[in-house]
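Student:
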Amino acid sequence: MAEQNGTVATTTVDTAAIDTSGQAQQQTEPKDYKTLYEQLLAEKNNLKGQVDKYSSEIKKYKQGEKEKMSESDRLQADLAETRKATADLEAKIPNIQTEKVFADKGFKPEEYNVFIEAMSEFGTVTEDNAVKLANAIVDSISKRVAVEKQQYENAMTANNTVKTATSTTETKVDEFAAMRAEQKRLTEQRNKKITF
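Note that the numbering used here has the sequence shown beginning at 24, numbered continuously upward.
#1: Ignoring anything shorter than 3 residues, give me the beta strand (DSSP E) runs that lie fully in the region 101-164, in order along the chain.
#2: For I160, count neighbouring Cβ atoms within 10 angstroms of its own Cβ and tell me buried if that reaches 16, exposed if not.
#3: Between the region 107-116 and the region 79-97, can you find at least three pairs of beta-carbon atoms closer than 8 Å?
#4: When DSSP labels each residue in this structure, what does D197 get in the three-state scheme?
#5: Within a Cβ cutoff of 8 Å, which residues of the same chain sit near K128, ignoring the five residues on either side of it in sequence?
#6: Given a cut-off of 7 Å, decide if Q120 and V168 are closer than it, judged by their beta-carbon atoms.
#7: So E90 packs on P117, CB below 8 Å; how close in whole Å?
#8: Would you mind reading off the limits of the alpha helix (DSSP H) that contains D302?
#9: Please say whether Y135 and F125 have beta carbons closer to each other than 7 Å?
#10: Is the beta carbon of T105 within less than 6 Å of some heavy atom of the ligand ADP?
#11: What is the rounded straight-line gap between the Cα of E198 and the Cα of E171?
#12: Could you check what DSSP says for S95 in three-state terms: helix, strand or coil?
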């Protein structure tokens, strides 16, 4: 209550008249996740459409700028692209020559790729150096294979010699055993003749 100029004014607040129905609905209303998901999906598609729109506008702008370039500017840009492509190709030539060396010697790509990758780690390798290195690797591997082949043949020859010597010894032992058996038989026959 407030007093103004001798009159009393009263203000009453009806608390029941305050609208709390919105809060009650929010608290009791279950969340509809499917609707939320669809809204987010629509927003995502909208953003994707905007990105596509802007990227196509950027592409059109770049195309327009390229068309605005003078003929000499276009030729210079084309020349720069050609030089870059040529440099990339020249960098691959040593690898191509190296692959040829390995392939001519009968190596498969999976066998020689490791060498080519190792050579490319050295940086710029000239064509001649790459071919020399490939030849050196191939020669080294060929020599190693030849040594292993010779060692295998020597082992097989030694094995055959041992088998031959063993079989010869076995033959001699068998002959000796047969001779001893024959002597024993003859001795027994003689003993029978002597016995009365």
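We put the CB at the ideal spot given by N, CA and C, even for glycine.
Tutor: In this structure, then:
#1: Qualifying beta strand (DSSP E) stretches: none in this window.
#2: On the sequence shown, position 137 is the one that residue 160 refers to. Its Cβ being crowded by 16 or more others within 10 Å, I160 is buried.
#3: Output reads no: the region 107-116 does not touch the region 79-97.
#4: Your numbering for residue 197 matches position 174 in the sequence shown. If DSSP states are grouped into helix, strand and coil, D197 belongs with the helices.
#5: Mapped onto the sequence shown, residue 128 falls at position 105. Around K128: V161 and S165.
#6: For the purposes of this step, residue 168 is identified with residue 145 of the sequence shown, where counting begins at 1. For the purposes of this step, residue 120 is identified with residue 97 of the sequence shown, where counting begins at 1. In terms of Cβ geometry, V168 and Q120 do not form a close pair [threshold 7 Å].
#7: For this step, residue 90 is matched to residue 67 along the sequence shown. For this step, residue 117 is matched to residue 94 along the sequence shown. Actually they are not in contact, since the Cβ atoms of E90 and P117 sit about 40 Å apart, beyond 8 Å.
#8: As displayed, the chain neither begins before 24 nor continues past 219, which places residue 302 out of reach and without an answer.
#9: By one-based count along the sequence shown, residue 125 stands at place 102. By one-based count along the sequence shown, residue 135 stands at place 112. Less than 7 Å divides the Cβ of F125 from the Cβ of Y135.
#10: In the structure on display, the ligand ADP does not appear, and there are no ligands present to speak of.
#11: Taking the first residue of the sequence shown as position 1, residue 198 is located at position 175. Taking the first residue of the sequence shown as position 1, residue 171 is located at position 148. The alpha-carbon of E198 is positioned some 40 Å away from that of E171.
#12: On the sequence shown, position 72 is the one that residue 95 refers to. Helix.
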